[in-house]
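Enquirer:
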Amino acid sequence: MAEERKLYVCMRCGRIFSKSEMEILPGIRCPYCNFKIIMKVRSPTVKRIPAV
């Protein structure tokens, strides 16, 4: 199974980075601007669920 990269986006500077880049600093912060509020990017694939 292929490893999925979890991507995050900073709410201040808008840069997209991976979890490995985020682990450079202690805690959960943007590695570029040190802002605390980040958001996980949704995957581009659509999950289809059959109707009941």
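283 is the number of the first residue of the sequence shown in this note's numbering; add one for each residue after it.
All residues carry an ideal CB built from backbone N, CA and C; glycine is no exception.
How far does the beta strand (DSSP E) with MET321 in it extend, from its first residue to its last?
Expert: 320 to 322
Enquirer: Going by DSSP in three states, SER300 sits in which element: helix, strand or coil?
Expert: strand
Enquirer: Roughly how many angstroms lie between the CA atoms of LEU289 and CYS295, to the nearest whole one?
Expert: LEU289 and CYS295 have their C-alpha atoms roughly 15 Å apart.
Enquirer: CYS273: buried (16+ other C-beta within 10 angstroms of its C-beta) or exposed?
Expert: Not covered by the structure: residue 273. The range shown for the chain is 283 to 334.
Enquirer: Which residue marks the beginning of the beta strand (DSSP E) containing CYS292, and which one marks its end?
Expert: Taken as a continuous stretch (DSSP letters only), the beta strand (DSSP E) holding CYS292 covers 289 to 292.
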